[in-house]
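Worksheet: the structure to be examined is printed underneath.
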């Protein structure tokens, strides 16, 4: 698994189709929820710490208030994939 620093050093700026990177950012993420959000183009919910429940499934993503408060800029730019898929714009809540 690559760290965010290694990915940025290699020049990769966007993070679509990278479950490991999103899981490292939000450890509550499951593959099924990631695939659902990726299919809908709503990966920003992972970054912003929003809770996601899948209908007819036991898999869910619990909300994380720290990520929600730390990533308000990502939420405001949720309609711009170039912004919210860029790991440089993510805030870990530190």
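Numbering (the numbering used here), first residue to last: 195 to 288.
Built from N, CA and C at the ideal position, the CB exists for glycine as well.
None of these values were measured; they are calculated from a predicted model.
Asked	Found
Integer Cβ distance of residue 241 from residue 278, believed to fall under 8 Å	6 Å
Residue 223 vs residue 255 beta-carbon contact at 7 Å	yes
Expected contact under 8 Å - CB spacing of residue 248 and residue 227 to nearest Å	6 Å
Beta carbon of residue 238 nearer than 7 Å to that of residue 272	yes
Proximity below 7 Å, CB of residue 258 to CB of residue 285	no
Boundaries of the alpha helix (DSSP H) in which residue 215 is found, first to last residue	213-219
CB-CB length for residue 235 against residue 281, believed under 8 Å	The pair is not a contact, with the Cβ atoms about 17 Å apart (cut-off 8 Å).
Nearest-angstrom beta carbon gap, residue 246 and residue 231 [assumed within contact, 8 Å]	7 Å
Helix, strand or coil at residue 259 [DSSP, three-state]	helix
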